[in-house]
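Per the UniProt record's numbering, the very first residue in the sequence shown carries number 1; after that it's consecutive. Structure first, then comments.
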Amino acid sequence: MDEATLRKGLITKFGADVRDHDDVMEACISLCNLFMMPAEELFISWESFDSANSLSSSTSSVRAKAARTQLTVSLVRDLKAHIQRARELKAGTEAHHRPVTAAARRSLGGRVGRTGLGVIGTPAPPDKPRQPVAVRPRVEVREVGEGQRSYRYMYGKISQRAEILDDIIDDMSELVRAHYDLEELGDPASVTDEEVVVVGRICSDTDNGTKLTESSLVLESSRMGGSGVRTPLKFEPGFSVRGRSDNGFGLFPGQIVAFRGKNGGGGWFSASEALEIPGLPEPFLPPTSSSTTAFNTMIACGPFTPDSDLLYRPFDQLLSEVARTKPGVLLLIGPFIDSNHPLIRKGDVDHTPLEIFQQRIGRPLHGCLNANPGLSLVIVPGVRDLVSFHSAFPQAALSETADLALPTAAIQLPNPCTMTMNGVTVSASGVDVLFHLRKEEFIKRVEGATSQLDPMASLASHVLSQRSFYPIFPPTKDHSSDVNLDVLHYDLLRLGPAAPAVLVLPSMLKQFHKVVNDTLVINPSFLSRGHYAWLECPDATFAQATGGKSAWEVFWKNATVDLRRLPTQ
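Encoded structure:
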């Protein structure tokens, strides 16, 4: 149903409650879209909810009802919870008491030739209660920042977004000023006779979505640092990068940069030198009280099934490898039910995303944990996950979704997330930021440089130096649906206060692992391609005595990363 028809139906049913209150109207539209119900059905649910709360249910007149109970945004949120509970109760009743006929078995069996789903089967009866087995995990996994997150989308104002984007520039400006011991920073739009250091955001002078070029570069200042003006950016002959010998300097939209140069009155800022943004402090060393920090981790990222079917054979093979190799941690990063899967995009499926997840992901993981006592299972969603209530980035954990049939022992984290494994900090993201950076990056060649630019290390260093899991702004139209970036929650995208020891960035680019600025960056690729990663970290206590940076040099020299392929791939 189109939005205009939906609005008309809501006004017909709810009257002035929605007609005169835009926030209530938008909340009702969101609710109708979420539960795929027309305005009339929403009104019936509202009457039921109102009646259950001992309000007036004797009349269907909206005007009479509105005089007693006015529909508000708060009540719409309560109504949402009421509808969810009613649907969960109905689904549970049907699953437990519905007779399974031969026709139903054929329907649930799935037409393999058409959908590629294979035989999922009827909903299994409730598992018999098992006595809990007290097994201590081999690796202690803890979330960093637990309980400090909130996800409240669609409530922001443009002014709030602008303020957050300004704050990013101002925060970086203060870091640059303190790091390089500068008295003050300049304004790229102001004409000066002497060179000054300026800090701003890289932007394009066009809005047509084309890739950055040297002629389209502009530098955006903050409102406090330069009235928010965008100034064309040019490079002087002999342009250099302080402290680096690479023959290239990468630039992309949204990047915060520092340049030395001047505006001579020609209408542009002429940069003679780039100053590197100060990096994050080195990773925290594991606590000395820990008896051992050695651990191994298997890392796999979605999609977990090829485009040809929804049988999840690669995922089953991965769990077989878990049983064989017995890692201490299994880190799974979504999407698990990918909205971009060809069969799902065509609607060529006979089961809901929740049913597919329960059968192909949830139940196999139950068996995996039962067969591998002591395994720590960590689950991170992807933006394209159909079983997630949040399709924006940053994204809440899958624990926000009910009835996933995941093991209770599973550690469900948001996207992106930071955790510790035996005291070693590990950060992970489910967005392909490396590929997006590769597509958007413009390389400014540096004359007289003595070393070649390492493309993969350069992409990873952008994430670390910008202190953000997704430093690109704005995302291009081609990639916007893969990110759905929410600037209002930018704090949840920040890296820090120290660099992670391990940074997992799954990407369609070639698998790699590199130590970049004391952080081990891993691209395990996608399991649908048959690729995953194995990380084995040594006991860090031997490295602590050396202190400082050398401790991590020793640590990573003894760490092992194996980029693996499934046996039958």
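Yeah, the Cβ is synthetic: ideal placement off N, Cα and C, and Gly gets one too. All values reported here derive from a predicted model rather than from experimental measurement.
TODO: Would you be able to state if there are at least three C-beta pairs under 8 Å between the region 183–193 and the region 234–250?
DONE: no
Open item on the list: On the criterion of 16 or more Cβ atoms from any shown chain inside 10 Å, does Lys346 qualify as buried, or is it exposed?
Closed with: Counting from 1 along the sequence shown, the entry for residue 346 is found at position 346. It counts as exposed.
Open item on the list: I'd like to know whether the C-beta atoms of Asp486 and Pro416 end up nearer to each other than 8 Å.
Closed with: Taking the first residue of the sequence shown as 1, we reach residue 486 at position 486. Taking the first residue of the sequence shown as 1, we reach residue 416 at position 416. No, these two residues do not count as a Cβ contact at 8 Å.
TODO: Examine the Cβ distances between the region 405–414 and the region 437–452 and report whether three or more of them are shorter than 8 Å.
DONE: no
Open item on the list: Buried or exposed, going by whether 16 or more other CB atoms sit within 10 Å of the CB of Gln359?
Closed with: By 1-based counting over the sequence shown, the position of residue 359 is 359. Buried is the call here.
Open item on the list: So for Asp385, helix, strand or coil by DSSP?
Closed with: Along the sequence shown, read from residue 1 onward, the residue named residue 385 stands at position 385. In this structure, Asp385 counts as strand in the three-state DSSP scheme.
Task: Distance cut-off 7 Å: Pro455 Cβ against heavy atoms of the ligand GDP - done: Ligands in the displayed structure: none, and consequently the ligand GDP is not present.
Open item on the list: Going by DSSP, what residue range makes up the alpha helix (DSSP H) through Arg445?
Closed with: Here residue 445 refers to the residue found at position 445 of the sequence shown. Note, Arg445: premise wrong, no alpha helix (DSSP H); beta strand (DSSP E) at Phe442 to Arg445.
Task: Check whether Pro253 and Phe473 have beta carbons under 8 Å apart - done: Here the question's residue 253 lines up with position 253 in the sequence shown. Here the question's residue 473 lines up with position 473 in the sequence shown. Taking 8 Å as the Cβ cut-off, Pro253 and Phe473 qualify as a contacting pair.
- [ ] Compare the C-alpha of residue 570 against each of Arg564, Ala449 and Ile277 and name the closest.
- [x] This structure gives no information on residue 570, because the portion of the chain shown stretches from 1 to 569.
TODO: Could you say which of Arg19, Asp78 and Ala39 lies nearest to Asp50 if we only look at CA atoms?
DONE: Numbered from its first residue, the sequence shown carries residue 50 at position 50. Comparing Cα positions, the closest option is Asp78.
Task: Between the CA atoms of Pro524 and Ala323 - distance to the nearest angstrom - done: On the sequence shown, residue 323 is found 323 positions in, with the first residue counted as 1. On the sequence shown, residue 524 is found 524 positions in, with the first residue counted as 1. Approximately 20 Å, taken between the alpha carbons.
TODO: Please report the residue range of the beta strand (DSSP E) in which Arg565 lies.
DONE: Mapped onto the sequence shown, residue 565 falls at position 565. Element bounds for Arg565: Thr560 to Arg565.
- [ ] Compute the Euclidean distance between the alpha carbons of Ala559 and Ala460, then round it to the nearest angstrom.
- [x] To locate residue 559, count along the sequence shown from 1; it is residue 559. To locate residue 460, count along the sequence shown from 1; it is residue 460. The alpha-carbon atoms of Ala559 and Ala460 are separated by roughly 19 Å.
TODO: Would you check if there are 3 or more beta carbon pairs closer than 8 Å linking the region 503–515 to the region 443–453?
DONE: no
Open item on the list: Check whether the region 527–537 and the region 303–317 are in contact - that is, three or more C-beta pairs closer than 8 Å.
Closed with: yes
- [ ] Flag this pair as yes or no: are the beta carbons of Arg201 and Gln255 separated by less than 8 Å?
- [x] Along the sequence shown, one-based indexing puts residue 201 at 201. Along the sequence shown, one-based indexing puts residue 255 at 255. Yes, Cβ-Cβ distance for Arg201 and Gln255 is below 8 Å.
Open item on the list: Relative to the C-alpha of Gly334, which candidate in Ala498, Glu47, Ile361 and Trp46 has its C-alpha closest?
Closed with: Along the sequence shown, one-based indexing puts residue 334 at 334. The shortest Cα separation from Gly334 among Ala498, Glu47, Ile361 and Trp46 belongs to Ile361.
Open item on the list: Could you compute how far the alpha carbon of Gly496 sits from the alpha carbon of Ala410?
Closed with: Counting from 1 along the sequence shown, the entry for residue 496 is found at position 496. Counting from 1 along the sequence shown, the entry for residue 410 is found at position 410. Their Cα atoms are separated by approximately 25 Å.
TODO: Please state whether DSSP places Pro281 in a helix, a strand or coil.
DONE: As a position in the sequence shown, residue 281 is number 281, starting the count at 1. DSSP places Pro281 in coil when its eight states are reduced to three.
TODO: Please go through the same chain and pick out, in chain order, the residues whose beta-carbon is closer than 8 Å to the beta-carbon of Ala103, but skip the five residues on each side of it.
DONE: Here the question's residue 103 lines up with position 103 in the sequence shown. Per-residue confidence for Ala103 stands at a pLDDT of 35, beneath the threshold of 50, marking its modelled position as unreliable; the derived number appears in the next sentence. Excluding positions up to five away in sequence, the list is empty.
TODO: Report the rounded CA-to-CA distance for Phe14 versus Gln70, giving the unit in angstroms.
DONE: Position 14 of the sequence shown holds residue 14. Position 70 of the sequence shown holds residue 70. Approximately 9 Å, taken between the alpha carbons.
TODO: Let me know if Gly264 comes out buried or exposed under the rule of 16 or more other beta-carbons within 10 Å of its beta-carbon.
DONE: The residue you call residue 264 lines up with position 264 of the sequence shown. It is exposed - the Cβ of Gly264 has fewer than 16 other Cβ atoms within 10 Å.
Task: Nearest candidate by alpha-carbon position, reference Met298, set Thr210, Gly209, Leu75 and Val504 - done: Position 298 of the sequence shown, counted from the start, is the residue given in the question as residue 298. Here the closest residue by C-alpha is Val504.
Open item on the list: Tell me the DSSP secondary structure of Leu319 in three-state form.
Closed with: On the sequence shown, position 319 is the one that residue 319 refers to. Helix at Leu319.
- [ ] Rounded to whole angstroms, what's the CA-CA distance from Pro373 to Thr206? Just pull it up for me.
- [x] By 1-based counting over the sequence shown, the position of residue 373 is 373. By 1-based counting over the sequence shown, the position of residue 206 is 206. When rounded, the distance between both Cα atoms is 56 Å.
Task: Beta-carbon contacts of Glu236 that lie in its chain and below 6 Å, excluding the five residues immediately before and after - done: Counting from 1 along the sequence shown, the entry for residue 236 is found at position 236. Correct list, in chain order: Ser270 and Ser272.
TODO: Using a threshold of 8 Å, state whether the C-beta atoms of Asn422 and Val144 are closer than that.
DONE: Here residue 422 refers to the residue found at position 422 when the sequence shown is read from its first residue. Here residue 144 refers to the residue found at position 144 when the sequence shown is read from its first residue. In this structure, Val144 does not lie closer than 8 Å to Asn422 by Cβ.
TODO: State the Cα-Cα distance for the pair Val176 and Leu332, rounded to the nearest angstrom.
DONE: To locate residue 176, count along the sequence shown from 1; it is residue 176. To locate residue 332, count along the sequence shown from 1; it is residue 332. Computed Cα separation, rounded: 37 Å.
- [ ] Going by CA-CA distance only, name the one from Pro455, Pro500, Trp552 and Asn296 that's closest to Asp562.
- [x] Working through the sequence shown from its first residue, we reach residue 562 at position 562. When only C-alpha atoms are compared, the closest one is Asn296.
Task: Cut-off 6 Å between Cβ atoms - residues of its own chain near Glu220, not counting five sequence neighbours on either side - done: Locating residue 220 in the sequence shown gives position 220, where the first residue counts as 1. Cβ neighbours of Glu220 beyond the five flanking positions: Gly200, Arg201, Cys203 and Arg230.
Task: Runs of alpha helix (DSSP H) wholly within the region 134–210 (minimum 4 residues, chain order) - done: 158–179
- [ ] Could you say which of Ser339, Phe284, Ser468 and Ala457 lies nearest to Leu165 if we only look at CA atoms?
- [x] For the purposes of this step, residue 165 is taken as the residue at position 165 of the sequence shown. The option with the nearest alpha carbon to Leu165 is Ser468.
TODO: Could you check the C-alpha separation between Phe389 and Asp432 for me, to the nearest Å?
DONE: Along the sequence shown, read from residue 1 onward, the residue named residue 389 stands at position 389. Along the sequence shown, read from residue 1 onward, the residue named residue 432 stands at position 432. So the alpha carbons of these two residues sit roughly 20 Å apart.
Task: Inter-residue Cα distance where the pair is Leu453 and Gly248 - done: Taking the first residue of the sequence shown as 1, we reach residue 453 at position 453. Taking the first residue of the sequence shown as 1, we reach residue 248 at position 248. Their backbone Cα atoms lie some 6 Å apart in a straight line.
- [ ] Using only alpha-carbon positions, find the residue among Leu520, Trp556 and Cys301 that is nearest to Val380.
- [x] Within the sequence shown, residue 380 is the residue found at index 380, counting from 1. The residue with the shortest Cα to Cα distance from Val380 is Cys301.
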